[in-house]
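There are 2 protein chains.
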Amino acid sequence: MSIANRKQKEKEDLSKKILDAAMELFTQQGFEQTSIRNIAKKIEYSPTTIYLYYKDKDAIFHALHQQGFALLNSQMQVLMHVEEPFERLKAMGRIYIGFAMENPALYELMFIQSAPMDFVEESEETIWQEGTTSFAALKLTLEDCMKNGYLPAQDIESTAFVIWSALHGMVSLHIKNRCKTIFPDNRNTIVESGYNNLILLIESLIMQPRKNHISASP
Amino acid sequence: MSIANRKQKEKEDLSKKILDAAMELFTQQGFEQTSIRNIAKKIEYSPTTIYLYYKDKDAIFHALHQQGFALLNSQMQVLMHVEEPFERLKAMGRIYIGFAMENPALYELMFIQSAPMDFVEESEETIWQEGTTSFAALKLTLEDCMKNGYLPAQDIESTAFVIWSALHGMVSLHIKNRCKTIFPDNRNTIVESGYNNLILLIESLIMQPRKNHISASP
DNA sequence: ATAAAAAACTTAACACTGTTAATTATATTT
DNA sequence: AAATATAATTAACAGTGTTAAGTTTTTTAT
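In the order they appear, the protein sequences are chains A and B.
Taking my numbering, the leading residue of the first sequence gets 30, the next gets one more, and so forth.
Taking my numbering, the leading residue of the second sequence gets 30, the next gets one more, and so forth.
Laid out in structure tokens, this is it:
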């Protein structure tokens, strides 16, 4: 079985090599420059070889998008040590924004570009695993916040969606160059100011958490 | 001068014809199909003729993006008859969301795609007029809301940015297919639910507007 | 009316893109 | 060593934005 194993390993190696080259091109030179031909040139193979390892370009961008989620999830690991639900929620938002600002190309792939979703649609499991899992994590923390009276107990699904949207909206408007001329002075700090403002708004929803909170009567 | 006038009119006519063809292709067949060659085919001119009327593809998309703002602004005109500031703010949001849901391709061009901003960057007036003007209108209404105690008086700039971002986040996540699998049951209503939830959150910031509102002492 | 000048438009070409079919080279099995 | 399977390549198709050079049409001046 060792030859078959080696064969498989070689396949996986080249598969990874393609992805690494694509990632380097994508993060350093952008979406436009990440062509099949440029990836092939980088790994010194012919362009068509790539099609023996990935169905099409969308499949490559989907794989990159998965790597993006892996990175984001790894950064979210520090939340395990944050006991207070609302502190955890706030930290979650900071990590999300920080990730987006430091990895704009990757963020775009994960939450803006069509390619990864096109791949999902054409695959058998037509479900967006990465997004669904991440959103579930947000809902859990939000549920904790509501249970402990940090937030008015409303529909978790739509509340989580609003919070996610507010963060996505801020970073995506920034990444897609919609802030530059609207906030000429503080274009570099507007997302942070926005986030601080959002936190203030949420905090002022309930002034004294736990203390004055009326628990649901049995 | 009548010949010169006719000449100019002809130029404007073809200029508009190009734009109309581009708009039709774009809204009906999408971004990919809106190529210079396809536009040319539609108006029965050679592809290179288009370059006599528009600098490049970005210029065409910028012009389409301008038409998008013209349409959005026209829809916003009904706000003139809404006296109550907070009612006006809420209606503003509904119009914004409605526009995005009914004109997804156009919305994408206005707030997501790079092409129009690339054109702005390379033009002399490197300012995004359309966006800046619209944002100013939001700030004005928000300022009215704060003055009348419907909202805690905080920094207008960043508060307006958060509200805009929340709306943009919701509709852009929807348009870019990030809601489909996360909200399988209510994927068609999640944006509306989200907006209602957002309004509720803002309304619960101050329970009794005007009545219990403490005005700043002199 | 006719020749010169200007404007409008087209053809041909360059350097790319994703993707497929057919072909060659390499490695494994018999 | 021959047959088979795997891997990688070349050539080609149909498309993209864009530019330089050439042609047709229209306007101006004689």
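Here a beta-carbon is modelled for each residue, glycine too, at the ideal position from N, C-alpha and C.
Since we're looking at a predicted model, the values are computed, not measured.
Using a C-beta cutoff of 7 Å, does residue i count as contacting chain A?
{"i": "B/R207", "result": "yes"}
{"i": "B/L279", "result": "In the structure as shown, chain B begins at 30 and stops at 247. Residue 279 of chain B is therefore absent and cannot be evaluated."}
{"i": "B/I249", "result": "With chain B covering 30 to 247 only, the question about residue 249 of chain B has no answer from this structure."}
{"i": "B/L169", "result": "no"}
{"i": "B/M146", "result": "yes"}
{"i": "B/L135", "result": "no"}
{"i": "B/S152", "result": "no"}
{"i": "B/V191", "result": "yes"}
{"i": "B/S75", "result": "no"}
{"i": "B/I219", "result": "yes"}
{"i": "B/G59", "result": "no"}
{"i": "B/T188", "result": "yes"}
{"i": "B/I65", "result": "no"}
{"i": "B/A245", "result": "Summary for B/A245: the model assigns pLDDT 39, below 50, so the residue's position carries little reliability, and this model does not support an answer."}
Helix, strand or coil for residue i? Go by DSSP, reduced to three states.
{"i": "A/W157", "result": "coil"}
{"i": "A/T170", "result": "helix"}
{"i": "B/L81", "result": "helix"}
{"i": "A/L227", "result": "helix"}
{"i": "A/G127", "result": "helix"}
{"i": "A/Q183", "result": "coil"}
{"i": "B/L234", "result": "coil"}
{"i": "B/S194", "result": "helix"}
{"i": "A/Q142", "result": "coil"}
{"i": "B/T212", "result": "The identity of residue 212 of chain B in the sequence shown is Phe, whereas the question assumes Thr. Residue state, collapsed to three classes: coil."}
{"i": "A/Q104", "result": "helix"}
{"i": "A/F60", "result": "coil"}
{"i": "B/S44", "result": "helix"}
{"i": "A/N217", "result": "coil"}
{"i": "A/N67", "result": "helix"}
{"i": "B/E112", "result": "coil"}
{"i": "A/E150", "result": "helix"}
{"i": "A/E73", "result": "coil"}
{"i": "B/K119", "result": "helix"}
{"i": "B/K176", "result": "helix"}
{"i": "B/K86", "result": "helix"}
Going along the chain, which residues of its own chain have a beta-carbon closer than 6 Å to the beta-carbon of residue i, five neighbours each way excluded?
{"i": "A/A92", "result": "L48"}
{"i": "B/A129", "result": "Y136 and V200"}
{"i": "A/H203", "result": "V220"}
{"i": "A/S222", "result": "none"}
{"i": "A/P76", "result": "I65, R66 and A69"}
{"i": "B/A144", "result": "D87 and F90"}
{"i": "B/Y83", "result": "I89"}
{"i": "A/V107", "result": "none"}
{"i": "A/M139", "result": "H94 and G97"}
{"i": "B/H242", "result": "Note that B/H242 has pLDDT 38, beneath the 50 cutoff, so the model's placement of it is unreliable and no number is given."}
Can you round the beta-carbon distance between residue i and residue j to whole angstroms, since I take them to be within the 8 Å contact cut?
{"i": "B/T56", "j": "B/A134", "result": "5 Å"}
{"i": "B/F98", "j": "B/S163", "result": "7 Å"}
{"i": "A/K205", "j": "A/I185", "result": "Actually they are not in contact, since the Cβ atoms of A/K205 and A/I185 sit about 29 Å apart, beyond 8 Å."}
{"i": "A/I141", "j": "B/I141", "result": "7 Å"}
{"i": "B/L234", "j": "A/L234", "result": "7 Å"}
Among the residues of its own chain, which have a CB less than 8 Å from the CB of residue i, if the five just before and after it don't count?
{"i": "B/P238", "result": "For B/P238, the predicted model reports a pLDDT of 42, less than 50, meaning its position is unreliable; a value from the coordinates is still stated below. Same-chain partners within the cutoff: F115, N177, G178 and Y179."}
{"i": "B/D147", "result": "D87"}
{"i": "A/Y224", "result": "G122, R123, I126, L196 and M199"}
{"i": "A/A50", "result": "I68, K71 and I72"}
Got a sec: is the Cβ-Cβ distance from residue i to anything in chain B below 7 Å?
{"i": "A/G223", "result": "yes"}
{"i": "A/M121", "result": "no"}
{"i": "A/S163", "result": "no"}
{"i": "A/H197", "result": "yes"}
{"i": "A/F128", "result": "no"}
{"i": "A/H242", "result": "With a pLDDT of 37 at A/H242, under the threshold of 50, the predicted position of this residue should be treated as unreliable, though the coordinate-derived value follows. Not closer than 7 Å to any Cβ of chain B, the Cβ of A/H242 fails to qualify, so no."}
{"i": "A/S194", "result": "yes"}
{"i": "A/V111", "result": "no"}
{"i": "A/P103", "result": "Note on residue identity: the sequence assigns Ser, not Pro, to residue 103 of chain A. No, A/S103 lies away from the interface with chain B (no Cβ there is under 7 Å from its Cβ)."}
{"i": "A/T56", "result": "no"}
{"i": "A/L138", "result": "no"}
{"i": "A/I124", "result": "no"}
{"i": "A/G160", "result": "yes"}
{"i": "A/H91", "result": "no"}
{"i": "A/F228", "result": "This sequence places Ile at residue 228 of chain A; Phe is not what is there. No, because no Cβ of chain B sits closer than 7 Å to the Cβ of A/I228."}
{"i": "A/I141", "result": "yes"}
{"i": "A/I211", "result": "yes"}
{"i": "A/I185", "result": "no"}
{"i": "A/I72", "result": "no"}
Can you name, in chain order, every residue of its own chain whose Cβ lies under 7 Å from the Cβ of residue i, other than the five neighbours on each side?
{"i": "A/Q62", "result": "L54"}
{"i": "A/K119", "result": "I228"}
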